[in-house]
Amino acid sequence: MSAAVFRGREAEYIKHELLKAYLEPLFMIIGQREQRIGFIDCSAGTWRKGGKDSDDTSVSISLDIMEQCHNALLEKFRKNVQFRALFIEKDKESFGRLEGFLESESRGGVEAQCLNGDFCDLQGKILAWCGNTDFCFFMIDAVESRHIAIPNLRPFLSRPSSELLINFMFESILHVSDQTSLEERLKAILGKAQNISQAGGEDRERFLFNLYRRELKASAPIIGDAVPRCAHMKILHPAKDRSIYDLVYLTWDPMAIVTFMEASEKLEIEQRKVSALARQSKKVKRSGQLELFSADSFVEDEPMVIDLTKVKEFWLTKLSTAPKQFGVAEFADMAEETGWFIDDFQKAFQELEREGRARNLASSGMRTGNPVRYWANGNRGELVQKTMG
């Protein structure tokens, strides 16, 4: 479904596209080792029943993805993975429509249920539904600040074999009347008092956001050798140069971080198309004149190129003259630390090779595609090193 259909609901479109881009590869990876997979939508939203509207909801999209993955796993790997879905809806009227839809619709290999209420108040029932062993993916759309409060998320964070995708809304946190109110709200969200004297000026949002990510990871346990990891993606206002919210992703799997960042890179292109359409719509409304071509057709299907000088310098801080393995874990570390896309690191390394400042010992020459194959050797990657050129 094109972005034009979602005029006025552009942020919703981007979120749906992220589901499509990310859930399928995640479920295909997890499905190769798990027999059952759970998906919990903690806020199904104001659900619309019937006709064309039912096709563009996160409920319908996630069910379709689970059915597709069930069929693909059966065909490719002979694995009959059971998918389970739980949708939480607070509004009684919307819940009634959602319940009716789930009763009338079915997806092969997918068992779907729903609960009426606020997910913060239904934690016991949700965790009982999840059980103790199945892999479960929690999608949390924060409607209130308590929905992102770490004390409220801790039961999900401490559950083994879980991942969380949180809709982190900054507007509801930053727009407070005084510093005391901000401190009190942050204490409720983070679970403890914080020194926010540095949270001023243009970098305040970045400072507070990184603080939230840090405390979120600190509240998640280390499971064996696996440490909690946290990545994010900004969802931008289609007509203004500011973010509407951030999608915060918590996992223990480095490959999942890489997959999330690759999906986010694709969504960056979609966001630019959505912005182009929004600007065009505003222009048409102001002038009263229709335009011959849709604005999104002029947006290149390539991600925005950031300043590779910074990425190259970052690479050089990680490289050594002694050969070092760079695989999935190392790329996940770099993406998590900087927020840059995987393709940014590949392009920067390619430039370093051309400049004679780095080389890949696994390659006999310069590759035109990915210069560092992080997935090689069972995700351990390849040996690379800094050179003196």
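Numbering-wise, this note's numbering comes out as the position in the sequence shown, counting from 1, plus 3. Just so it is clear, CB atoms sit at the ideal spot from N, CA and C, and this is done for glycine as well.
By the three-class DSSP mapping on this structure, what secondary structure does isoleucine 169 have? strand
Helix, strand or coil for arginine 376, going by three-state DSSP, please let me know. coil
For glycine 103, which three-state DSSP category applies? helix
Reference arginine 188; option with closest CA among Arg217, Gly368, Glu147, His19: Glu147
Suppose contacts are defined by Cβ-Cβ distances below 8 Å. Is cysteine 133 in contact with isoleucine 91 by that definition? no
Does the beta-carbon of aspartate 249 have 16 or more other beta-carbons within 10 angstroms, so that it is buried, or is it exposed? buried
Does the distance between the C-beta of threonine 60 and the nearest non-hydrogen atom of the ligand ADP fall short of 7 Å? For the structure depicted, the ligand ADP is absent and the ligand set is empty, with no information on it obtainable.
Should threonine 254 go down as buried or exposed, given a rule of 16 or more other Cβ atoms within 10 Å for buried? buried
List the endpoints of the continuous alpha helix (DSSP H) containing methionine 142. That residue, methionine 142, is in no alpha helix (DSSP H); its beta strand (DSSP E) goes 138 to 144.
From serine 300 to leucine 270, what distance separates their C-alpha atoms? With a pLDDT of 46 at serine 300, under the threshold of 50, the modelled position of this residue cannot be trusted, and the question is left open.
Cβ-Cβ distance between proline 158 and leucine 130 below 8 Å: yes
As a quick exercise: from Glu70, Ala223, Leu219, Pro224, pick the residue whose alpha carbon is nearest that of histidine 235. Leu219
Using only the alpha-carbon positions, how far apart do asparagine 155 and phenylalanine 348 sit? 36 Å
Report yes or no: do three or more beta-carbon pairs, one from the segment 64 to 74 and one from the segment 116 to 130, lie closer than 8 Å? no
If you count every other CB in all the chains shown that lies within 10 Å of the CB of lysine 95, and 16 or more means buried, which is it? exposed
Nearest neighbour of glycine 372, chosen from Arg100, Gln353, Asn213 [CA to CA]: Gln353
Helix, strand or coil: which one does DSSP assign to glutamate 186? helix
Pick from Met391, Lys327, Leu319: whose alpha carbon is nearest that of glutamate 383? Note that residue 383 corresponds to arginine in the displayed sequence, not to glutamate. Considering only alpha carbons, the answer is Lys327.
Candidates Arg232, Ser165, Val62, Pro224: which alpha carbon is nearest threonine 341's? Arg232
Please state the DSSP three-state secondary structure of serine 300. Caution applies to serine 300, whose pLDDT of 46 falls short of 50 and renders its modelled position unreliable; the value that the coordinates give is listed next. In the structure shown, serine 300 sits in a helix (DSSP, three-state: H, G or I).
Where DSSP assigns a beta bridge to aspartate 249, which residues make up the other side? Phe171, Lys237
Report the rounded CA-to-CA distance for phenylalanine 210 versus valine 251, giving the unit in angstroms. 15 Å
Out of Asp144, Leu168, Phe138, state which residue places its alpha-carbon closest to the alpha-carbon of arginine 162. Phe138
Determine, using beta carbons only, whether glutamine 126 and leucine 89 come nearer to each other than 8 Å. no
Aspartate 44, enclosing beta strand (DSSP E) - first and last residue: 39 to 44
Burial state of phenylalanine 80, where buried means 16 or more other Cβ atoms lie within 10 Å: exposed
Return helix, strand or coil for glycine 381, following the three-state DSSP convention. helix
Taking the alpha-carbon of proline 28 as reference, which of Gln38, Ile260, Val62, Trp343 has the nearest alpha-carbon? Ile260
Whose CA, out of Leu160, Phe263, Met264, Ile192, lies closest to the CA of isoleucine 226? Leu160
Identity of the residues DSSP links to lysine 79 by a beta bridge: Answer is none; lysine 79 lacks a bridge partner.
On the three-state DSSP scale, how would you describe arginine 360? coil
So what does DSSP say about glutamate 147, is it helix, strand or coil? coil
8 Å contact criterion, which arginine 87 and glycine 41 should meet: CB distance rounded: 5 Å
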